[in-house]
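Per full-length UniProt numbering, the sequence shown starts with residue 1, numbered consecutively. Glycine residues also receive a C-beta, built at the ideal position from the N, C-alpha and C atoms. This report refers to the structure that appears directly beneath it.
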Amino acid sequence: MTATRRAAQAALRIGISGWNYRSWRGVFYPKGLPHRRELEYASRQLNSIEINGTFYSLQRPEYFRRWYEATPKSFLFAVKGSRFVTHMKKLREVETPLANFFASGPLALEEKLGPILWQFGPQWPLDLERLERFLALLPRGTADAVKLARRHDARVKGRAWTRTDRDRPIRHAIEPRHPSWFRPPLLRLLRRHKVALVFADTAAAFPYAEDVTADFVYVRLHGTAPIYAGGYSEEHLALWAARIKTWTCGSEPEDAVRVDIRPARRLARRDAYVYFDNDAKVHAPFDALSLARKLEVAPGCEADLRLADVNRPAISASVLTPEEQGARRAEAAARWRPRAANADPPREARARAERGTGT
Numbered sequence: 001m002t003a004t005r006r007a008a009q010a011a012l013r014i015g016i017s018g019w020n021y022r023s024w025r026g027v028f029y030p031k032g033l034p035h036r037r038e039l040e041y042a043s044r045q046l047n048s049i050e051i052n053g054t055f056y057s058l059q060r061p062e063y064f065r066r067w068y069e070a071t072p073k074s075f076l077f078a079v080k081g082s083r084f085v086t087h088m089k090k091l092r093e094v095e096t097p098l099a100n101f102f103a104s105g106p107l108a109l110e111e112k113l114g115p116i117l118w119q120f121g122p123q124w125p126l127d128l129e130r131l132e133r134f135l136a137l138l139p140r141g142t143a144d145a146v147k148l149a150r151r152h153d154a155r156v157k158g159r160a161w162t163r164t165d166r167d168r169p170i171r172h173a174i175e176p177r178h179p180s181w182f183r184p185p186l187l188r189l190l191r192r193h194k195v196a197l198v199f200a201d202t203a204a205a206f207p208y209a210e211d212v213t214a215d216f217v218y219v220r221l222h223g224t225a226p227i228y229a230g231g232y233s234e235e236h237l238a239l240w241a242a243r244i245k246t247w248t249c250g251s252e253p254e255d256a257v258r259v260d261i262r263p264a265r266r267l268a269r270r271d272a273y274v275y276f277d278n279d280a281k282v283h284a285p286f287d288a289l290s291l292a293r294k295l296e297v298a299p300g301c302e303a304d305l306r307l308a309d310v311n312r313p314a315i316s317a318s319v320l321t322p323e324e325q326g327a328r329r330a331e332a333a334a335r336w337r338p339r340a341a342n343a344d345p346p347r348e349a350r351a352r353a354e355r356g357t358g359t
């Protein structure tokens, strides 16, 4: 079997981290598009989105159902785990917070529920024993997630979603940011639990490694310098496309940045989830579209789909052409005051990076 055919059989999701950004309106989103329909539009351009609001607070099941209904049948969401678990509790006594998280609505996404992302801040050194207890608590299927969710407390009483239409596997990925995590003991633990180490490109703000620890890879592209605000050139995206294709073929790039000198076990294929988080200057959606085009990844649904029902006017959701993407990129650039190449990142992005609570 050729590498191209193996890659074609692997699930490849390319998308954005969040979709509700004011600066995207009239640039990525068409002028006049109602805010409540932005997810509809974005999900017709790309085939996956990472939900970030779940990191900051418990959501409600009706929100997840609304997101489910707004997106195409083949669409997939990644869901960012609660910072109450990772940043505030630091994995201490987290069974009930985990139950609350899973009871808050992720299971309402049904077949559109993708991997769960758990991010850890740069101020917290690795506590291997605590992490191992946490990984053992994580549900590996929706049936187990239901059992865990039913142990929720009063925080979600009366609005908990504790059912699943069928038992489906749940994947987990972790994104550490303290240097102490990037050691072989962590990799052995993740491989034992089949949890992915996130490949997080952060413009060197945090450590980076490409050790494959599961049967899928999870890539977060936070931007070139400055973090969250820097866009990727076509040359950068071509390099990322080549790496992603190698991972989906079950192998690793020859120049993979690894903590462990030993390569991961070769598979026939690996699924890949790739999300752009350089949202500050409207780079993320256009970078995602460019990468998807290079890898021939189809959008969420047919290009000619029109978002319409009997109560709403039709809005064209045709996939943006490269020419349209270029024009909108130029419009986005015109909205921002030029910055020196060595200027500090925007205040909001810098604060997020320093706190470790950024996206």
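- If you ignore the 5 residues before and after ALA298, its C-beta comes within less than 7 angstroms of the C-beta of ASN47, all in its own chain and listed in chain order.
- Residues GLN59 of the same chain have their beta carbon placed closer than 7 angstroms to that of GLY53, with the five preceding and five following residues left out of the count.
- Segment contact: the stretch 140-153 against the stretch 99-111, three or more CB-CB distances shorter than 8 angstroms; contact assigned.
- Minimum Cα-Cα distance from ARG22 among the listed residues TRP161, LYS90, LYS281, LEU138 corresponds to LYS281.
- Every beta strand (DSSP E) stretch that sits fully inside the stretch 52-116 and reaches 3 residues is listed by chain position as 76-80.
- Below 8 angstroms, too few C-beta pairs join the stretch 211-225 and the stretch 148-166 to call them touching: fewer than three.
- Out of LEU189, LEU113, GLU50, PRO34, the CA that lies nearest to the CA of THR164 is found in LEU113.
- In this structure, DSSP gives GLU50 an extended state, which the three-state scheme calls strand.
- By the C-beta density criterion, ILE116 is buried, having at least 16 other C-beta atoms within 10 angstroms.
- The beta carbon of HIS152 sits closer than 6 angstroms to those of ALA99, ASN100, ALA103, ALA160, all from its chain and outside the five residues before and after it, given in chain order.
- In this structure, LEU320 lies away from LEU237, with their beta-carbon atoms at least 9 angstroms apart.
- Around the Cβ of HIS35, a 10 Å sphere holds fewer than 16 other Cβ atoms; the residue is exposed.
- The three-state secondary structure of PHE134, taken from DSSP, is helix.
- Annotated as proximal: ARG177 and GLN119, with beta-carbon spacing under 9 angstroms.
- Contact between ARG220 and GLU252 is ruled out by a C-beta separation of about 18 angstroms, above the 8 angstroms threshold.
- The C-beta distance from ILE51 to GLY15 rounds to 10 angstroms, too long to fall under 8 angstroms, and the pair is not in contact.
- PHE199 sits in a strand when the DSSP states are folded into three classes.
- By the beta-carbon neighbour count (other beta carbons within 10 angstroms, threshold 16), GLY81 is buried.
- Taking C-beta atoms as the reference points, VAL259 and ARG183 count as a pair closer than 9 angstroms.
- When C-alpha distances from TYR68 are compared across LEU91, LEU39, TYR56, GLU129, the shortest belongs to LEU39.
- With fewer than 16 other beta carbons inside 10 angstroms of its own, ARG130 counts as exposed.
- One Cα belongs to ARG66, the other to ARG37, and the distance between them is close to 11 angstroms.
- Taking all protein chains shown into account, GLN123 has fewer than 16 neighbouring C-beta atoms within 10 Å of its C-beta and is therefore exposed.
- In the three-state DSSP reduction, VAL217 falls in the strand class (E or B).
- Short of 6 angstroms from the beta carbon of PRO207, and not among the five residues preceding or following it, lie these beta carbons of its own chain, in chain order: PRO179, PHE182.
- ALA284 is the residue among ARG270, LEU33, ALA284 whose C-alpha sits nearest the C-alpha of PHE276.
- The three-state secondary structure of LEU190, taken from DSSP, is helix.
- Nearest to GLU95 by alpha-carbon distance, out of PRO61, ALA136, ALA78, is ALA136.
- In the displayed model, GLU234 falls within a helix according to three-state DSSP.
- Under DSSP, ASP271 shares a beta bridge with PHE216.
- Per the coordinates, the alpha-carbon of ARG266 lies some 17 angstroms from the alpha-carbon of TYR218.
- One thing to note: LEU138 has its Cβ within 9 angstroms of the Cβ of HIS193.
- As the crow flies, the alpha-carbon of ARG150 is around 18 angstroms from that of PHE134.
- Here DSSP, grouped into helix, strand and coil, assigns HIS283 to helix.
- For TYR29, the three-state secondary structure derived from DSSP is strand.
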